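In my numbering, the protein residues as written are 8 to 97.
Yeah, the Cβ is synthetic: ideal placement off N, Cα and C, and Gly gets one too.
Small disclaimer: the values here were computed from a predicted structure and weren't measured.
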């Protein structure tokens, strides 16, 4: 709708990138789940490839804080995201 990529698609991409950043920093057998996420849309995208880059800001014993950026094929920033993930025991 509206000729631009839906915000939910961008949100899903950001959440998935952040989840993988979290999972890469967990002990074997641990998992995690998103408990809070915020997203700021910076620019619309009508076509092309999207990519998300995420990094862990802080890893606590039970909560991991993460940020991500979603960019387009020309490296233009489209959205920024932040989230908290709860670490689930083995």
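N-terminal and C-terminal residue of the alpha helix (DSSP H) that residue i is part of
i	result
residue 54	Residue 54 -> no alpha helix (DSSP H), and no H or E assigned at all.
residue 19	14 to 30
Of the residues the options, the one placed nearest residue i, counting alpha carbons only
i	options	result
residue 17	93, 29, 48	48
residue 55	81, 9, 19	81
residue 92	33, 10, 14, 13	33
residue 90	64, 78, 83	64
residue 68	19, 97, 11	97
Cβ neighbours of residue i in the same chain (closer than 6 Å, five flanking residues each side left out)
i	result
residue 88	21, 46, 75
Residue range of the unbroken beta strand (DSSP E) whose run includes residue i
i	result
residue 89	84 to 95
residue 46	38 to 48
residue 75	70 to 78
Span separating the alpha-carbon of residue i from that of residue j
i	j	result
residue 85	residue 36	34 Å
residue 71	residue 30	10 Å
residue 62	residue 44	14 Å
residue 57	residue 15	13 Å
Residues near residue i in its chain [Cβ-Cβ closer than 8 Å; skip 5 each side]
i	result
residue 95	37, 38, 39, 40
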